[in-house]
Amino acid sequence: MEKILCVDDDLSLLRLYQEELTEEGYKVILARDGKEAMAKFEKEHPDLVIMDIRMPVMDGIETLTAMLGKNRQIPVILNTAYPQYRENFMTWGAEAYIIKSSDLTELKQTIRKVLDKRKKSKKS
Amino acid sequence: MAEKILSMVLAGGKGERLYPLTQDRAKPAVPFGGVYRIIDFTLSNCLNSGIRRINLLTQYKSLSLNRHIMQGWNIFNPELDEFINLIPAQQRVGEDWYLGTADAIYQNIYVLQMDRPDLVLILSGDHIYKMNYMEMIAYHKKNKADLTVAVIEMDKSLSRHLGVLEVDEEFRVIGFEEKPAVPKTIPGQPDLILANMGVYVFNTEVLVRRVIEDAKNPDSQHDFGRNVIPAMIHQDRVYAYSFRDENKKVAKYWRDIGTIDAYYEASMDLISVDPQFNIYDQEWPIRTFHPPTPPAKTVFYEEHPGGRIGGVYSSLICHGCIISGGKVFRSILSPWVRVHSYAEVRDSILMEGVEVGRYARLNRVIVDKRVKIPEGYQIGFDLKEDARKFTVTESGIVVIPKGTLLA
């Protein structure tokens, strides 16, 4: 089962991700800030990370850098309400950049696309 | 408005083949030409080109380099947005040191994000040459290139030591091979190749994208020459810029001083009648750290037979030296060298603070900083004997490293 780490400081949103992505057949792990995310990242070795940018304790950009430092191939989907971070070079290491929405269709499609791409490149 | 240019100088080279000169210092900090360090030539190129926004990326054995930069290059005016920053490998991105030239940029993307330049000029702190980078940047803009690589024409027999570019008639790069045995030659010039000088002008956004892609590629060695450029030529506008030398000689001069023998040869060129590399051109000053030091001086001229004469012939001799009753032929003396009575120094390179005792004799020796050659000591006459204690190169140059105690 593919493992997804969801990182967001909004607990209700995390619950929504957990519900919907579990239904899609993923194992879902939750973290509420970057620091907690790093601890779970190193313990659980997720296949993919979905992460907010503006968070307390350790923000999504710093966490992304730290995750890539541990595993340069880890696909991270940045999921934020703010389009302006797209310009920031530090977000370019992410696999995708999605504007937050209560409709998770785009997020789910992106997750599938990224994971399928990973599978393919691993096979070849 | 003119575009914003940021220079990133890769100054972390270990210079393993220059050992023991790199025993205590990174390659860019190796002294050259009496008063200079290797890094001074690249930084002088920046200064003479009007590029005064410089980040120096350091890692191995950087103390000596840091000190030199602080002492000699602390000349930029922050009020005019000029700077030279020393950036050590900080492990912001993982726990690795720089894995290659492209990785050094990847690990410093945050620097590019903070500065947001239009163009990034990537340079190596290891090379000796004179180049006006602004001409290359104008060429880059004219071609609307994503990347421009500076190249120098070389004889094709040297291809095994170089990165070789293949270009079309417009000098657009269509191939790139690292150290090929059978190289692609210049169109219309079957004996010449275009060699990579390690000087790159990148559009910043393309640079960031390509080094991130490279970083994620587990098969890459994370090197611009080996990996990033070959991957770019199929998708980006990559041009070669034919190096225009500011040295004003017939042959273009560019040296990657990789070995002790190459170091010795390039150094000795400076004292020849008509050196290939001109350090006396006032239109292209080479800057370095010049502490307040007294003039060089020779002592003793005793005209009676067997009398002492302090003399220097066909040599480069720096400030603060005292040649007191000894003789120096075809040698390079850094500041504060002492040569005592009846000593003889031939075809040698003596670095700062070296002292040659009475009756000592040196022949084809590189003596690193502050080593004291004892009275009557001889080096460079019996290479077998010398090789038991010191590094002796293929061509017979003996190297006495820093901190050596002789008795």
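Residue numbers (our numbering), protein chains in the order written: chain A, 124 to 247; chain B, 121 to 527. Note that CB positions come from ideal geometry on N, CA and C, so glycine has one too.
Closer than 7 Å to chain E by CB, residue i
i	result
LEU232/B	Absent here is chain E; the protein component of the structure consists of chains A and B.
Residues that DSSP places opposite residue i in a beta bridge
i	result
PRO208/B	THR178/B
TRP374/B	TYR249/B
TYR361/B	ALA270/B
THR214/A	Per DSSP, none; premise fails for THR214/A.
PHE322/B	VAL240/B and LEU267/B
GLN498/B	ARG481/B
PRO151/B	ARG157/B
ASN316/B	VAL271/B
LEU285/B	PHE296/B and LEU314/B
ILE195/B	According to DSSP, which records beta bridges pairwise, ILE195/B is partnered with nothing at all.
GLN309/B	ILE306/B
MET128/B	ASN175/B and ILE242/B
LYS89/A	Chain A is shown from 124 up to 247; residue 89/A falls before or after that span and cannot be answered.
LYS572/B	Look at the range of chain B in this structure, 121 to 527, and you will see that residue 572/B is not part of it.
PHE203/B	ARG173/B
TYR140/A	For TYR140/A, which the question treats as bridged, DSSP gives no partner whatsoever.
TYR220/A	LEU201/A
VAL476/B	VAL459/B and ILE493/B
VAL237/A	Answer is none; VAL237/A lacks a bridge partner.
VAL524/B	The amino acid occupying residue 524/B in the given sequence is Thr; Val does not appear at that position. Its beta-bridge partners do not exist; DSSP assigns none.
Where residue i meets chain A, residues with beta-carbon distance less than 8 Å
i	result
GLY214/B	LEU191, GLY192, LYS193 and ARG195
Neighbour flag for residue i against chain B, beta carbons, 7 Å
i	result
GLY183/A	no
Partners in chain B for residue i, counting only beta-carbon separations shorter than 7 Å
i	result
GLY83/A	As shown, chain A starts at 124 and ends at 247. That puts residue 83/A outside it, with no answer to give.
THR188/A	ARG212 and VAL213
Under 7 Å by beta carbon: chain A residues contacting residue i
i	result
ILE229/B	PHE212 and MET213
- Item | Against chain A: residues of the stretch 316–341 of chain B by CB proximity under 9 Å | For the stretch 316–341 of chain B, the residues whose beta carbon sits under 9 Å from a beta carbon of chain A are, in order, THR324, GLU325, VAL328, ARG329, ILE332, ALA335, LYS336, ASN337 and PRO338.
* Asked: For the stretch 376–440 of chain B, which segments carrying the beta strand (DSSP E) assignment without a break, of at least 3 residues, lie completely within its bounds, in sequence order?
  -> The stretch 376–440 of chain B contains these whole beta strand (DSSP E) runs: 417–419 and 431–433.
message: Just to confirm the assignment: which complete alpha helix (DSSP H) runs, minimum length 4, are found wholly within the stretch 178–209 of chain A?
response: Complete alpha helix (DSSP H) runs here, min 4: 183–193.
- Tell me the start and end of each unbroken alpha helix (DSSP H) in the stretch 152–177 of chain A that is at least 4 residues and wholly inside, in chain order. Runs of the alpha helix (DSSP H) lying entirely within the stretch 152–177 of chain A and spanning at least 4 residues, in chain order: 157–167.
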